[in-house]
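For the sequence shown, our numbering gives the first residue as 214, with consecutive numbering after it.
We put the beta carbon where it would ideally sit given N, CA and C, even for glycine.
One structure is given here, and the rest of the page talks about it.
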Amino acid sequence: MAVDAPYPELKKTHTMARKGRPWTDYKPPPAAPVWGVIEGLGSYYILLAAIELDVFDTLSSTGPVKVEVLAEELKVSEPHLQSLLDSLVALGMLDQFVNVYELNDTAKRYLTSDGVASMANLISVAPGPHDNWISLAETIRNGSPAKPIDDDPASFYVPLVEGTFTTMLRAATRSDLKIRYSNLTAPIVLDLGAGGAPWSIAVLKACPNGFAVINDFDGVLEVAKRKTQEHEVSDRCEFRSGNFHELEFETDKYDLVVLGHVCRTEGEAGAKSLIERAFTYLKPGGRLLLADYFVDKERKFNPHGVLMGMTMMTSTVKGFPITNEQATGWLREAGFESVRLIEPIGYQYLYVANKPFDLSKEY
Ligand SMILES: C[S@@+](CC[C@H](N)C(=O)[O-])C[C@H]1O[C@@H](n2cnc3c(N)ncnc32)[C@H](O)[C@@H]1O
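Structure follows, in structure tokens:
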């Protein structure tokens, strides 16, 4: 005989929040998208608190554990921790069985500080200064944020580029599978706004005779110096500090010019000018690597790109989302050929474009 479950629960996918009101002639849409947005704020701070309290790293060392043991270990209130852990389970960032909690694969890979694709240091800095989100309506009214990061770029970008480094190094390394920079014998790379220089490091590790000119603001360049040392390529790097709109680099010299996530803060004129400069600095046959989050025509194919554009607008003076049409238009207008878009890892996009050879010249 069939018996009722001890704790009857509706299937998550069958609730009214997700399906809309059942059994009426006119079926109103579900409220789930609105709740999804409202809960976005809480979801973010739940993850942030978990990182701040060291939940993932501690679970990594304890293994599966009951909440009272974890509360003791972390020196926090047990019922409050229970609520936090349950929320992380609901968000798909931990696993739980009865009252035992453990890391799931997502947490192991992205949320522990030594995970192979760790985003642990990125979580607090990725949205930009949190206060700027609170005054977003005001920013839209005025056309500019009250406290843009442009006022003190180094203090914003140092933690940001530390936080994005692992992800960007993975993207840069995986790009080789599609663009084969490792086939170049002794490439010279120009990395503008290099941050921790993930792109230069990936190329130099793949090309033992390669060399890189690495540019960023003074303070941020220190991160690049440290990262290139850690990856044992610093002896093949030259560091040039300063504003990439003002510095001059050698023309017709570089095999690869990297514009890695620098264009979307520069405004249309600034981004276009960076692409034109990159064209000048490349040698004929050289390639531009333009990494950014690009917005598609329907705005829905890559929502991450749309929201990253919004993040820029929220915290910078000139920041804006870049569409695929804009990017490809600027590349072609600058003279680039063979423009193609690759996705080396999820959420990361890269335009690769060639500076053509001048057929009237001998090389
Ligand atoms: C989002 S980070 C990207 C870092 C790195 N290229 C990457 O792909 O991971 C943008 C970098 O551009 C640098 N930057 C922004 N404006 C710059 C300017 N005018 N001159 C030089 N560097 C600049 C910032 O300091 C920061 O390191």
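In this structure, L261 places its C-beta atom within 8 angstroms of the C-beta atom of S337. Linking A419 to T352 through their CA atoms gives a straight-line distance of about 44 angstroms. As the crow flies, the alpha-carbon of L501 is around 11 angstroms from that of A547. With the rule of 3 Cβ pairs closer than 8 angstroms, the segment 368–378 counts as touching the segment 408–426.
A check of alpha carbon separations from D308 across E281, G276, L503, V289 identifies G276 as the nearest. Relative to L544, the option among A504, M526, H444 whose CA is nearest is A504. With fewer than 16 other Cβ atoms inside 10 Å of its own Cβ, I251 counts as exposed. The C-alpha of R231 lies about 11 angstroms from the C-alpha of P241. DSSP assignment within the segment 308–346 yields the following whole beta strand (DSSP E) runs of 3 residues or more, N-terminal first: 308–310, 313–315. The beta carbon of A245 is closer than 7 angstroms to those of A230, R231 in its chain, skipping five residues each way along the sequence. The distance from the Cβ of P400 to that of D327 is about 31 angstroms, inconsistent with a contact at the 8 angstroms cut-off. When only Cα atoms are considered, V280 and D344 end up about 33 angstroms apart. By the neighbour-count definition (other C-beta atoms within 10 Å, threshold 16), G406 is a buried residue. In the pairwise beta carbon analysis, the segment 521–539 is classified as touching the segment 478–490: at least three pairs are separated by under 8 angstroms. Under the 8 angstroms Cβ criterion, the segment 443–463 does not count as touching the segment 513–528, having fewer than three qualifying pairs. When the beta-carbon positions are compared, T271 and A330 stay at least 8 angstroms from each other.
In this structure, S300 is the residue among S300, P497, P243 with its C-alpha nearest to the C-alpha of L254.
Taking every protein chain shown into account, the CB of H227 has fewer than 16 other CB atoms within 10 angstroms, so this residue is exposed. In the DSSP annotation of this structure, the continuous segment of the alpha helix (DSSP H) that includes L297 starts and ends at 291–303.
An exposed status is given to D431, since fewer than 16 other beta-carbon atoms sit within 10 Å of its beta-carbon.
In terms of side-chain proximity, the C-beta atom of Y564 is found no nearer than 7 angstroms to any non-hydrogen atom of ligand 1. Rounded to whole angstroms, the gap between the alpha carbons of D267 and L316 is 13 angstroms. Relative to F549, the option among L294, I488, K574, Y258 whose CA is nearest is I488. A540 counts as buried, since no fewer than 16 other beta carbons sit within 10 angstroms of its beta carbon. Collapsing the DSSP output to three states places K496 in a strand.
Taking the Cα positions, K288 is about 34 angstroms away from K440. Annotation for A425: the continuous beta strand (DSSP E) segment containing it runs 424–429. In the structure shown, I392 adopts helical secondary structure according to DSSP, grouped into three states.
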